[in-house]
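Number of protein chains: 2
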Amino acid sequence: MTMPPSVAVLRIGHRLVRDDRTTTHAVLVSRAMGSEVIYMTDVDDEIKKTLDKVNKRWGGENEFRLEIIDNWKKILKTWKENGGIVVHLTMYGAPINQKIREIKELSQRILVIIGAEKVPKEVYFLADYNIAIGSQPHSEIAALAIFLDRIFEGNQFNKSFLDEKMKIIPSDKGKNVIQRNQVQSSSSSNNNYKNNNNSNPKKKNQN
Amino acid sequence: MTMPPSVAVLRIGHRLVRDDRTTTHAVLVSRAMGSEVIYMTDVDDEIKKTLDKVNKRWGGENEFRLEIIDNWKKILKTWKENGGIVVHLTMYGAPINQKIREIKELSQRILVIIGAEKVPKEVYFLADYNIAIGSQPHSEIAALAIFLDRIFEGNQFNKSFLDEKMKIIPSDKGKNVIQRNQVQSSSSSNNNYKNNNNSNPKKKNQN
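Residue numbers (numbering that gives the first Met the number 0), protein chains in the order written: chain G, 0 to 206; chain C, 0 to 206.
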């Protein structure tokens, strides 16, 4: 496989409901699945606070960012001018199963467009690819997640973020979360963690 | 590949906010990606109306259903008694990349559990598998979508629903939706469609 491309997400939506949890989901999926930035046209302050909290706790403050924009078309055009491709996810598009290979083989930076609601018609024509993650109505969050999973072939889950305060140790039963030992880590290794949870019968001790 | 297993989704959540769009997303993802039923513990009437509308328009009234339950534990236990396996999706679980093959090779009916919020601790111990779609916080909708995509290997997108009134013809640009010709179809073929949209420059005529 060639190197995974650098990926950004652009979410277009005009009448975002305050406190809409789907907005938070779109941001967190972008962060967790290998995108480096999400551009949004309209965002509640609460969303930014949620992302800040997640970045502080789970790492990645300098690896993923939310950027508020007021002109999505400019972002799209600049992206293309810089040699990147634009993939718009829509139920009306060409099937992902048929197109994913071609997109990956381009090995270019990808701007993924999702709509919080109906997107302007121009998007269909400005995008290099209109891709359907199935031709049935469902969820732009689901579509984004599957697209990124297919692009990165599951490798996005092996990524770890820098500067995390908490880290999950995968576990068959219960929860196993370790906490970075701040006092020690400042004077020694970054890998200094203490176990933070008692609910796991198969608890593994890290240090 | 063996026959795809029969899949159901159980969404556990207690304090659902009225009009929470994430609930609608969970239902529509379950429907669009090969699950036959979604069990939910608390649902607003609006959600049922939305699903009814989608089923009427895009088909599948007898292929996918939403079932309101008041005892999730009973559903889970009955499922296991009938020989099915239970897979709980959680960021604390074992990595999907490591486990998906094992789960698929079982070729059993799968009940997928997702949480609208924190799930009761018991779920971790009653489930046969606790699976992490990445160990970072994101979205139960995204987790469900990726899990189903991995289980069905993309074949869920080839499924078509019966009795649809509208059907999307995949298109590189714009929207191409055909409408089932109700008058003709009652007396002749079920495949009688008329094109319903002008926005696609590469419009294909179906009949």
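From the three backbone atoms N, C-alpha and C, an ideal C-beta is built for every residue, glycine too.
Just so it is clear, the structure is predicted and the values come from calculations on it, not from any experiment.
Asked                                                                                                                                                                  : Found
Closest to Phe146 of chain G by CA distance: which of G:Asp69, G:Phe63 and G:His87 is it?                                                                              : G:His87
Checking contacts by CB at 8 Å: is Ala31 of chain C closer than that to chain G?                                                                                       : yes
Please tell me whether Pro119 of chain C has its Cβ less than 8 Å away from any Cβ of chain G.                                                                         : no
Let me know the secondary structure DSSP gives Lys76 of chain G once reduced to three states.                                                                          : helix
Just to check my reading of the structure: Glu66 of chain G and Val36 of chain G have Cβ atoms closer than 8 Å, yes? What is that Cβ distance to the nearest angstrom? : 6 Å
Determine, using beta carbons only, whether Gly114 of chain C and Glu139 of chain C come nearer to each other than 8 Å.                                                : yes
According to the neighbour-count rule (16 or more other Cβ atoms, all chains shown, within 10 Å of its Cβ), is Leu161 of chain G buried or exposed?                    : exposed
According to DSSP, Pro94 of chain G sits in a beta bridge with which residue or residues?                                                                              : G:Ala131
Could you say if the region 90-106 of chain C and the region 121-132 of chain C meet the contact criterion of at least three C-beta pairs nearer than 8 Å?             : yes
In angstroms, rounded to a whole number, what distance separates the CA positions of Arg100 of chain G and Lys72 of chain C?                                           : 42 Å
Please state the DSSP three-state secondary structure of Gln178 of chain G.                                                                                            : strand
Could you name the residues of chain G that Thr77 of chain C contacts, counting a contact when the two beta carbons are closer than 7 Å?                               : In chain order: nothing, as chain G lies at least about 22 Å away.
What span of residues does the beta strand (DSSP E) with Val111 of chain C cover, start to end?                                                                        : Ile109 to Gly114
Would you decide whether Phe124 of chain G is buried or exposed? Buried here means 16 or more other CB atoms lie within 10 Å of its CB.                                : exposed
Among the residues of its own chain, which have a CB less than 7 Å from the CB of Arg64 of chain G, if the five just before and after it don't count?                  : Val36
Say whether chain G places a C-beta atom closer than 8 Å to the C-beta of Ala174 of chain C.                                                                           : Inspection of the sequence shows that residue 174 of chain C is occupied by Lys rather than by Ala. Interface residue, yes.
Are Leu27 of chain C and Pro136 of chain G touching if we call contact CB-CB under 8 Å?                                                                                : yes
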